[in-house]
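Engineer: Handing you this structure, nothing more for now.
Residue numbers (this note's numbering), protein chains in the order written: chain A, 2 to 402; chain B, 2 to 402.
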């Protein structure tokens, strides 16, 4: 059996980031930046006021002094003149400092009246002035390529005068569910059949990982249906199949895809749930074959498909993000397989996370998985742990999964 | 000055959840469920095999015994007959148990040959059988209304045979930036002007909160332009303005909106950055007026707009989600205003988060905000803390902000 981390490393090493596309700024939120955002201007462009008040010469603005108000500079209407001896200009936050002035007299430290203003507190030179370039300077790299863009990044790119951004194209991921026994929700169900949940659960997982899912029609368990569907793989960045990964089924997939040019690898992975996995290449398109069991498919999705989406999006590739929690119950020693305990998550009084595994961990229980808030990760041969011990968890809601 | 939490409570108490809309299952991911998802079938529908092997009568399946193989049941092709004395049916995971059988002989405990199978390990009654309804039963509430739907929920709703789901309509949030001095990225910039970053940063924040942003054209600082834009508020769930919230500007907004039927509240909130806030109602539409300073606008967005989006989406309303971290540096005692320290986030060896505030916290520094990973929350009058003390943080990337 192959170790989980080794299987993931082999998958990730075979994937390349998608190309770049240009999108309007508002559509770049949550996309992965493909080229550095460089400031196209300096912000602030010159020295500006940090507060509302009066632009003054500090040498004149002594407590008790009286300055003539020679003008005003509301936002967007700079004062074009010069501040001379014993003069002041009514001033607002963000306005460009006029020639001559070297400080701001705060509104609350000034007593206006009769075209003049009386200074109540002596002003220090340079006070309440934001210097040119305090935020950023033209030519500075503001957002490095490879970052998933936050709302703050969108604001910063706007401030740096970018109406368009180059982002990685969303990876297009085909999803092919196979099996004679499955039907989509609301469609006639064959005798002994079950409603297919994998295709759309995995499509949602692909969306959560920033990809574009392409849900292919369900393929019956016969060679020509599978081969037909496989031809749909052309032009996709990744093909994901679900079902057809157990021993007997694997032979069918192998037989059906061989003539389509498929180089197939079949791995038994030391993990629970989700032992069998297919990994290969169909022409130019990498193929990831997940188990047909919905719980196994989703957990393999977290361990292999989300990282694959990150790699194809140009993000740092690795395992899913984890956090440290306290075990809410005693944990038995683990066997040879990497385990994922479906767990409830609570917050202790000191703010620590507490993860308590569900009593039943049967891999057919999709409702238990949906109710779970976290997966407690248990490495192969992990020793027994007492309640309260530190464990590594994947918080599912944070992944949108 | 009004306390931050009181201001938020007053905003939230004035908002109602949007109505429901029906969407196809794949579009329901990350939406908020408006009506319980009830199972439309029982899963598994009857007793099924949990493993690959042979369906047998346990009384016959003793080690060393030999059973006649009378048929096979691949997935989707149930065995219609009955398992009689000393008989077995080749069986696959998930297949419905045939009449007569009461246990599964595992594939690895069986030696097939010559139309029969030899039992290598005695089988116990009920072994390797999943009982009808182990996952869920028809009529059971599987996903309660009010939950943001994960990929697992989409899978579970599919398995329960739902092709459509009722979800809350995305709140439509108008965004109006005001000011003579601002222009959109790439457009001609007036003298002394700055590129508008607020509208699109807030639009991205609205998307991150599950809303649908409607970015209105920038309104100049005159009555008629603001009044025009205000008429656009009809049909929106919330109108957000940015700029026009400082003292002088507030008078203009008041004067411009008064004739449009605006009931305006103007609050000075004990927070930093982001003191002034407008809250009121324009006809039927609630209006939230944020500061024009981009850093203040985004932090007010986290404290007021994201919670407002949650309330309008039918989610539990309250402050942004927080986590406990260790202060990465000594923190000074706080004054009367609730503070938000822009901070870097690292992970200590023991897995704890460490939040280290940036040296400069000037509210004009958008680049510093964009680089920050967390906001350290400092309540009014919070005492000085030594590095290593526990602090409450908002992790910005987790919010998409």
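Just so you know, even glycine gets a beta-carbon here, dropped at the ideal spot from N, CA and C.
Short of 7 Å in beta carbon distance, which residues of its chain neighbour residue 94 of chain A, apart from the five on each side in sequence? Order them along the chain.
Structural biologist: Only 50, 51, 52 and 53 meet the Cβ criterion.
Engineer: Distance cutoff 8 Å, beta carbons only. Does residue 139 of chain A sit that close to anything in chain B?
Structural biologist: No, no contact with chain B.
Engineer: Pull up the distance between the alpha-carbon of residue 38 of chain A and that of residue 312 of chain A, whole angstroms please.
Structural biologist: If I take the Cα positions, the gap works out to 21 Å.
Engineer: Roughly how far, in whole angstroms, is the beta-carbon of residue 204 of chain A from the beta-carbon of residue 295 of chain A, given that I think they are within contact range, below 8 Å?
Structural biologist: Actually they do not touch by this definition, with Cβ atoms about 13 Å apart.
Engineer: Per DSSP, what kind of secondary structure is residue 1 of chain B in: helix, strand or coil?
Structural biologist: Outside the displayed span of chain B (2 to 402) sits residue 1 of chain B, for which this structure offers no information.
Engineer: When the Cα of residue 88 of chain A is compared with those of A:60, A:365, A:176 and A:337, which residue comes out closest?
Structural biologist: The option with the nearest alpha carbon to residue 88 of chain A is A:60.
Engineer: Based on Cα-Cα distance, which residue from A:345, A:397 and A:62 lies nearest to residue 328 of chain A?
Structural biologist: Taking only the C-alpha atoms, the option nearest residue 328 of chain A is A:345.
Engineer: Given that residue 197 of chain B touches chain A, what residues does it touch there, using C-beta distances under 9 Å?
Structural biologist: Simply 159 and 160.
Engineer: In whole angstroms, give me the CA-to-CA distance for residue 141 of chain A and residue 48 of chain A.
Structural biologist: Approximately 18 Å, taken between the alpha carbons.
Engineer: Measure the CB-CB distance between residue 263 of chain B and residue 283 of chain B and report whether it falls below 8 Å.
Structural biologist: Cβ atoms of residue 263 of chain B and residue 283 of chain B: closer than 8 Å.
Engineer: On the DSSP letters alone, give me the boundaries of the alpha helix (DSSP H) that residue 160 of chain A sits inside.
Structural biologist: Its alpha helix (DSSP H) spans residues 152-160.
Engineer: Short of 8 Å Cβ to Cβ, which residues in the region 76-102 of chain B face chain A?
Structural biologist: So the list reads 76, 77, 78, 79, 93, 94, 95, 96 and 97, given in the order they occur along the chain.
Engineer: Here's the rule: buried if 16 or more other CB atoms are within 10 angstroms of the residue's CB, otherwise exposed. What is residue 169 of chain B?
Structural biologist: Buried, because 16 or more other Cβ atoms sit within 10 Å of the Cβ of residue 169 of chain B.
Engineer: Is the shortest distance between the beta-carbon of residue 152 of chain A and the beta-carbons of chain B less than 8 Å?
Structural biologist: Yes, residue 152 of chain A counts as interfacial toward chain B.
Engineer: If we cut at 8 Å on Cβ distances, does residue 144 of chain B have a partner in chain A?
Structural biologist: So, interface residue.
Engineer: Starting from residue 78 of chain B and walking both ways along the beta strand (DSSP E), at which residues does that stretch end?
Structural biologist: That residue, residue 78 of chain B, is in no beta strand (DSSP E); it is neither H nor E in DSSP.
Engineer: Using a Cβ-Cβ cutoff of 7 Å, what residues of the region 106-125 of chain B are near chain A? List them in chain order.
Structural biologist: Within the region 106-125 of chain B, no residue qualifies.
Engineer: Do the region 28-46 of chain B and the region 127-146 of chain B touch if we need at least three Cβ pairs shorter than 8 Å?
Structural biologist: Yes, they touch.
Engineer: According to DSSP, is residue 7 of chain A part of a helix, a strand, or is it coil?
Structural biologist: Residue 7 of chain A falls in the helix class under three-state DSSP.
Engineer: State whether the region 72-86 of chain A contacts the region 115-130 of chain A, with contact taken as three or more CB pairs (one from each stretch) at a distance under 8 Å.
Structural biologist: No: fewer than three Cβ pairs fall under 8 Å.
Engineer: According to the Cβ coordinates, are residue 299 of chain A and residue 138 of chain A closer than 8 Å?
Structural biologist: Going by C-beta atoms, residue 299 of chain A is not nearer than 8 Å to residue 138 of chain A.
Engineer: Residues bridged to residue 371 of chain A by DSSP?
Structural biologist: Beta-bridge pairing links residue 371 of chain A to no other residue.
Engineer: Please list the terminal residues of the continuous beta strand (DSSP E) segment that includes residue 344 of chain A.
Structural biologist: Element bounds for residue 344 of chain A: 339-348.
Engineer: Does the pairing of the region 19-27 of chain B with the region 331-345 of chain A give three or more beta-carbon distances under 8 Å?
Structural biologist: Segments in contact, no.
Engineer: Listed in chain order, which residues of the region 326-356 of chain B have Cβ atoms closer than 8 Å to some Cβ of chain A?
Structural biologist: So the list reads 351, 352 and 353, given in the order they occur along the chain.
Engineer: Using the beta-carbon of each residue, which ones in chain B are nearer than 7 Å to residue 155 of chain A?
Structural biologist: Under the 7 Å cutoff, chain B gives 201, 202 and 205.
Engineer: Is there contact here, the region 161-176 of chain B with the region 237-247 of chain B, by at least three beta-carbon pairs under 8 Å?
Structural biologist: Yes, since at least three Cβ pairs between the region 161-176 of chain B and the region 237-247 of chain B fall closer than 8 Å, the two stretches touch.
Engineer: Could you check whether the Cβ of residue 382 of chain A sits closer than 8 Å to any Cβ belonging to chain B?
Structural biologist: So no, residue 382 of chain A is outside the interface.
Engineer: Counting C-beta neighbours from all protein chains within 10 Å, is the total for residue 385 of chain A 16 or more, i.e. buried, or is it exposed?
Structural biologist: The residue in question, residue 385 of chain A, is exposed, as its Cβ has fewer than 16 Cβ neighbours within 10 Å.
Engineer: How big is the Cα-Cα spacing for residue 187 of chain A and residue 371 of chain A?
Structural biologist: Approximately 21 Å, taken between the alpha carbons.
Engineer: Curious, which full-length beta strand (DSSP E) runs of at least 3 residues does the region 99-186 of chain B contain?
Structural biologist: Whole beta strand (DSSP E) segments, 3+ residues: 104-107, 111-114, 117-120, 142-144, 165-169 and 173-178.
Engineer: Which residue's Cα is closest to the Cα of residue 258 of chain B: B:287, B:269 and B:33?
Structural biologist: Measuring from the Cα of residue 258 of chain B, the nearest candidate turns out to be B:287.
Engineer: Here's a check: name, in chain order, each residue in its chain whose Cβ is nearer than 6 Å to the Cβ of residue 216 of chain A, leaving out the five neighbours to either side.
Structural biologist: Around residue 216 of chain A: 176, 200 and 204.
Engineer: Checking contacts by CB at 8 Å: is residue 371 of chain A closer than that to chain B?
Structural biologist: For residue 371 of chain A, the answer is yes, since a Cβ of chain B falls inside 8 Å of its Cβ.
Engineer: Whole angstroms are fine: how far does the CA of residue 289 of chain A sit from the CA of residue 62 of chain B?
Structural biologist: The straight-line gap from Cα to Cα measures roughly 39 Å.
Engineer: Can the beta-carbon of residue 149 of chain B be found less than 8 Å from the beta-carbon of residue 31 of chain B?
Structural biologist: Cβ distance < 8 Å, so residue 149 of chain B and residue 31 of chain B count as in contact.
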